[in-house]
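Engineer: Taking UniProt numbering, I'd label the letters of the sequence shown as residues 1 to 616.
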Amino acid sequence: MDPPSQIGSFWKASISTALSPPRTNSIDFDQLPCTARRRSSAVNQINFAETSYASQHDSENTSWDQERKAIPTKPTRFNTINFSSRRQSILSSSRIQTRDDYFHERQPSLSESGRLPLSPRSSDFPQESKMGIFSAVNIILGKTVGVGIYSIPSSVFNSVGSVGASILLWVAGCLISYCGLAVYLDLGTGIPKSGGERVYLERIYRKPFKLVSCIFMAYVVLLGISTPICIIFGEYTMYGFGIVPGRWNVRSVAFITITFICVLHARFPRFGQRMINCLSISTIVMLFILVISGIVGAWMRVGVPKHPSDQNLSTAQKNFSNLFAGSSTQPYNYATALIKILYCFRGYSTANQVVTDFRNPIQTLKVAAPLALGIISISYILVIISYFLVVSTDDFRTSGVIIAGHFFRNVFGPVVGENVFPFFIMINAFGNIAATCYAQARVNQELGKEGLIPFSSWLTKKKIWDTPTPGLFIHWFISVLAIILPPPGQIYNFLVDVGGYPISIISVAISLGLIYLRNCPQENWTSHFHAKYPFILVFAASNCLLLVIPWIKPTLARVDSQLQYYAYPATALAVMGSGIIYWGCWAYLEPLLEKMARSGPRANRNNLLVSDTLED
């Protein structure tokens, strides 16, 4: 071939390559755990069509590169070419079906290589900068152990009516949480990629394309905020320093707290991880102190009347003499109490949201998550028993959310108890905020990388790989709006209820989806942890219960809310429904507008530029 012919072939091939649409589908194949960015011994065993194609044309590419250096180019003229929209090309049903077939044919079994490669988004990053098992356990502890264990037990007791029923219900909450953890381990070891439930939902419900991702995004961005715990931190800060809590002093502390934590995670990510480790350890140490204090209080016979009488019994003897006296016979009471208990365990799936930040994602997930949940479960049950060793049932009925305050008062006296208790809550709340910001920012970042969040092109630009600053900004911005804008009242308790309802919907969806994946041979599902079917069914059934109970009208009106009983589930469904509307705009309206823009004068000018380039 003579040089002019080679030059013409080079330009035609370059323009054809630039104008060809990228490969897309409901499953991002460049991000599958079976497709590593770097070559390794495990990946080299997988024969991809692209690899064989590239090897056949290495010589041609080399000759083209040599000739291209001698040819003057005009890159600025190509920058104005209006390329076809990526989303428009991936929404065609034939394209989606083709890529689904490719997935089933090309995805290798995880057992072929013997060891699953690291998650593709993080395999190129230095392993020494990632988190190990210790940090993974701490981030789960920080996200799970908040202020619920210090405030929920009295409400649970008032619902079920007896000491024995309360303890058994907390044990049931531990078992249900372990069933849920089995589901998350099965999915997490099968798809070790950050993003949490979105990754699993997108893998299971692939059609319509990205619909479940948009619904999940509406929940995470709008409801996965740190506002309620920030407000609690502000209230106990005022209480600890002897200041009367007001509307704006509490909100100011909440604003400063979340701003400080988000800036810390963005500018000093390694220090942010160490801070989470320290706060999580402090949280467990405080629970251990509370358990030891309860044992000491029982040994000191707390509650014995000063004047001897015929019934010279301590609080522990009174509470444990007849464990099931006064137990409720209404199933609704047990269901509502179980909802509150499961709220205290939410957070055991945090490791699934940041799995690509681990050195060895699968092994770390399999060890850290059960270990963290085991520590939490044992600590919770021992703390509940300690409460009943020191606090009388009458105090349980009247204490409300400050049951831990009564505990410290009975053991250490009114002065020490009133000064120590607020700082316990502050440390737990601060650690929970730090872990929540860290995890939710990773989820927001993954949504941005998928192009789902508006103006998400800048979300992928990070100064360093482990600092998703745009995701932190989104979490900070929505949380600050929820801190400042709502009027005074019970809006923050309402936010807690609204944020919990979508979690039950997602839990049911991924549980049933896991059953589908494991029973459908075409899905070719493999993972390094196999959840037992009874665990999956228990987890799905318990969350179905949490979906139905809020729609049942209670016999007595709620004293902690002036809203209707169905307000928070209806609001949660409305928020998730907004994701469907957004998906319609993202999938159809925006590509239509882009197509109309391409058909205008600017598109004609771009076509002229292409023609001029071909002539040159």
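Even glycine gets a Cβ: it sits at the ideal position worked out from N, Cα and C. Since this is a predicted model, take the numbers as computed values, not measurements.
Report the option in GLY132, LEU169, ASN138 and ILE133 whose CA atom is closest to the CA atom of ALA435.
Structural biologist: Locating residue 435 in the sequence shown gives position 435, where the first residue counts as 1. Nearest C-alpha to ALA435: ASN138.
Engineer: Between the stretch 206-220 and the stretch 411-428, are three or more C-beta pairs nearer than 8 Å?
Structural biologist: no
Engineer: Cutting at 7 Å between CB atoms, please list the residues of its own chain near LEU222, excluding the five before and the five after it.
Structural biologist: By one-based count along the sequence shown, residue 222 stands at place 222. Cβ within range, chain order: ILE478 and VAL575.
Engineer: First and last residue of the alpha helix (DSSP H) that includes LEU211?
Structural biologist: What you label residue 211 is simply residue 211 of the sequence shown in a count that begins at 1. LEU211 -> alpha helix (DSSP H) spans 211-223.
Engineer: Can you have a look at TYR588 and say buried or exposed, based on whether 16 or more other CB atoms are within 10 angstroms of its CB?
Structural biologist: Counting from 1 along the sequence shown, the entry for residue 588 is found at position 588. Result: exposed.
Engineer: Exposed or buried, which one is ILE289 when buried takes at least 16 other CB atoms within 10 Å?
Structural biologist: Here residue 289 refers to the residue found at position 289 of the sequence shown. Exposed, because fewer than 16 other Cβ atoms sit within 10 Å of the Cβ of ILE289.
Engineer: PHE241 by DSSP, collapsed to three states: which one?
Structural biologist: Here residue 241 corresponds to residue number 241 of the sequence shown, with the count starting at 1. Reduced to three states, the DSSP call for PHE241 is coil.
Engineer: Is it the case that the stretch 503-519 contacts the stretch 241-256, given that we only count it when at least three CB pairs across the two stretches are under 8 Å?
Structural biologist: no
Engineer: Use the C-beta contact count for MET131: other C-beta atoms within 10 angstroms, 16 or more gives buried, fewer gives exposed.
Structural biologist: In the sequence shown, residue 131 corresponds to position 131, counting from 1. Buried, because 16 or more other Cβ atoms sit within 10 Å of the Cβ of MET131.
Engineer: Output yes or no for whether 8 Å exceeds the beta carbon distance between ILE176 and VAL538.
Structural biologist: Locating residue 176 in the sequence shown gives position 176, where the first residue counts as 1. Locating residue 538 in the sequence shown gives position 538, where the first residue counts as 1. In this structure, VAL538 lies closer than 8 Å to ILE176 by Cβ.
Engineer: Taking contact to mean 3 or more Cβ pairs, one atom from each stretch, closer than 8 Å, check whether the stretch 259-268 and the stretch 492-503 are in contact.
Structural biologist: No, the stretch 259-268 does not touch the stretch 492-503.
Engineer: Spatial neighbours of ALA335 within its chain, please: C-beta separation below 7 Å, excluding the five flanking residues on both sides.
Structural biologist: Locating residue 335 in the sequence shown gives position 335, counting from the first residue. Excluding positions up to five away in sequence, the list reads LEU545 and ILE549.
Engineer: Go ahead and pull the three-state DSSP assignment for MET300.
Structural biologist: For the purposes of this step, residue 300 is taken as residue 300 along the sequence shown, with counting starting at 1. In the displayed model, MET300 falls within coil according to three-state DSSP, outside both helix and strand.
Engineer: Can you tell me where the alpha helix (DSSP H) holding GLN445 begins and where it ends?
Structural biologist: Taking the first residue of the sequence shown as 1, we reach residue 445 at position 445. Run containing GLN445: 414-449, per the alpha helix (DSSP H) assignment.
Engineer: Please list the terminal residues of the continuous alpha helix (DSSP H) segment that includes PRO153.
Structural biologist: In the sequence shown, residue 153 corresponds to position 153, counting from 1. PRO153 -> alpha helix (DSSP H) spans 148-160.
Engineer: So HIS475 and ALA441 are supposed to be a Cβ contact under 8 Å. How far apart are they, rounded?
Structural biologist: As a position in the sequence shown, residue 475 is number 475, starting the count at 1. As a position in the sequence shown, residue 441 is number 441, starting the count at 1. About 5 Å separates the two Cβ atoms, so the contact holds.
Engineer: Quick one: what's got a C-beta closer than 6 Å to LEU264's C-beta in the same chain, skipping five residues either side?
Structural biologist: Locating residue 264 in the sequence shown gives position 264, counting from the first residue. For LEU264, where only same-chain residues beyond five positions count, the Cβ hits under 6 Å are GLY272.
Engineer: Going by the CB atoms, is the gap between TYR184 and SER314 shorter than 8 Å?
Structural biologist: Here residue 314 refers to the residue found at position 314 when the sequence shown is read from its first residue. Here residue 184 refers to the residue found at position 184 when the sequence shown is read from its first residue. In this structure, TYR184 does not lie closer than 8 Å to SER314 by Cβ.
Engineer: In chain order, what residues of the same chain lie with their CB nearer than 8 Å to the CB of TYR239, ignoring the 5 residues before and after it?
Structural biologist: Position 239 of the sequence shown, counted from the start, is the residue given in the question as residue 239. Correct list, in chain order: PRO245 and PRO422.
Engineer: Alpha carbons only, please: which of LEU373, VAL160 and ALA429 is nearest the one belonging to ARG397?
Structural biologist: In the sequence shown, residue 397 corresponds to position 397, counting from 1. Here the closest residue by C-alpha is VAL160.
Engineer: Take ALA531 and list the residues in its own chain whose beta-carbon comes closer than 6 Å to its own, dropping the five residues that flank it on each side.
Structural biologist: Stepping through the sequence shown from its first residue, residue 531 is reached at position 531. The answer, listed in chain order, is ALA182, VAL183 and ASP186.
Engineer: When you compare each of PRO521, LYS143 and VAL443 to THR283 by their alpha carbons, which one comes out closest?
Structural biologist: The residue you call residue 283 lines up with position 283 of the sequence shown. Here the closest residue by C-alpha is LYS143.
Engineer: Give me the Cβ distance between ASN360 and GLY188, rounded to the nearest whole Å; I'm assuming they're in contact under 8 Å.
Structural biologist: Residue mapping note: residue 360 aligns to position 360 of the sequence shown, counting from 1. Residue mapping note: residue 188 aligns to position 188 of the sequence shown, counting from 1. With a Cβ gap of about 13 Å, ASN360 and GLY188 do not count as contacting.
Engineer: Determine the closest residue to LEU517 out of PHE324, PRO192 and TYR200, with distance taken between C-alpha atoms.
Structural biologist: For the purposes of this step, residue 517 is taken as the residue at position 517 of the sequence shown. With distances taken between Cα atoms, LEU517 lies closest to TYR200.
Engineer: Should ILE580 go down as buried or exposed, given a rule of 16 or more other Cβ atoms within 10 Å for buried?
Structural biologist: Taking the sequence shown and counting its residues from 1, the one referred to as residue 580 is at position 580. Exposed: under 16 other Cβ atoms inside 10 Å.
Engineer: GLN292 to ILE381, Cα distance in whole Å?
Structural biologist: Residue mapping note: residue 292 aligns to position 292 of the sequence shown, counting from 1. Residue mapping note: residue 381 aligns to position 381 of the sequence shown, counting from 1. The sequence shown places Ile at residue 292, not Gln. If I take the Cα positions, the gap works out to 13 Å.
Engineer: Can you confirm whether the stretch 324-332 touches the stretch 150-164 when touching is taken to mean that 3 or more C-beta pairs between the two stretches lie within less than 8 Å?
Structural biologist: yes
Engineer: In whole angstroms, what separates the C-alpha of THR237 from that of MET426?
Structural biologist: As a working mapping, residue 237 is identified with position 237 in the sequence shown. As a working mapping, residue 426 is identified with position 426 in the sequence shown. Rounded to whole angstroms, THR237 to MET426 spans 7 Å at the Cα level.
Engineer: Is DSSP giving PHE358 helix, strand or coil here?
Structural biologist: Locating residue 358 in the sequence shown gives position 358, counting from the first residue. If DSSP states are grouped into helix, strand and coil, PHE358 belongs with the strands.
Engineer: Whose C-beta lies closer than 6 Å to the C-beta of LEU447 among residues of the same chain, with five residues either side of it excluded?
Structural biologist: Numbered from its first residue, the sequence shown carries residue 447 at position 447. Within the same chain, LEU447 has close Cβ partners MET217 and ILE453.
Engineer: Should ILE261 go down as buried or exposed, given a rule of 16 or more other Cβ atoms within 10 Å for buried?
Structural biologist: Translated into positions along the sequence shown, residue 261 becomes position 261. Per the 10 Å Cβ criterion, buried.
Engineer: If we call anything under 8 Å between Cβ atoms a contact, is VAL147 one with ILE376?
Structural biologist: Indexing the sequence shown from 1 puts residue 147 at position 147. Indexing the sequence shown from 1 puts residue 376 at position 376. It is not a contact, given that the beta carbons lie outside the stated cut-off.
Engineer: Check each candidate in ASN519, VAL212, LYS193 and PHE345 and name the one with the smallest Cα separation from PHE358.
Structural biologist: Indexing the sequence shown from 1 puts residue 358 at position 358. Nearest C-alpha to PHE358: LYS193.
Engineer: Out of TRP525, GLY499, LEU592 and ASN543, which one is the CA nearest neighbour of ALA567?
Structural biologist: Reading the sequence shown from its first residue, position 567 is the one you call residue 567. For ALA567, the nearest C-alpha among the options comes from GLY499.
Engineer: When the distance is taken between beta carbons, is PRO488 closer than 8 Å to ARG247?
Structural biologist: Counting from one through the sequence shown, the residue named residue 247 turns up at place 247. Counting from one through the sequence shown, the residue named residue 488 turns up at place 488. Yes; because the gap between Cβ atoms is below 8 Å, this pair is in contact.
Engineer: Check whether the Cβ atoms of ILE204 and GLY513 sit closer than 8 Å, and answer yes or no.
Structural biologist: For this step, residue 204 is matched to residue 204 along the sequence shown. For this step, residue 513 is matched to residue 513 along the sequence shown. Their beta carbons are under 8 Å apart, which means ILE204 touches GLY513 by this criterion.
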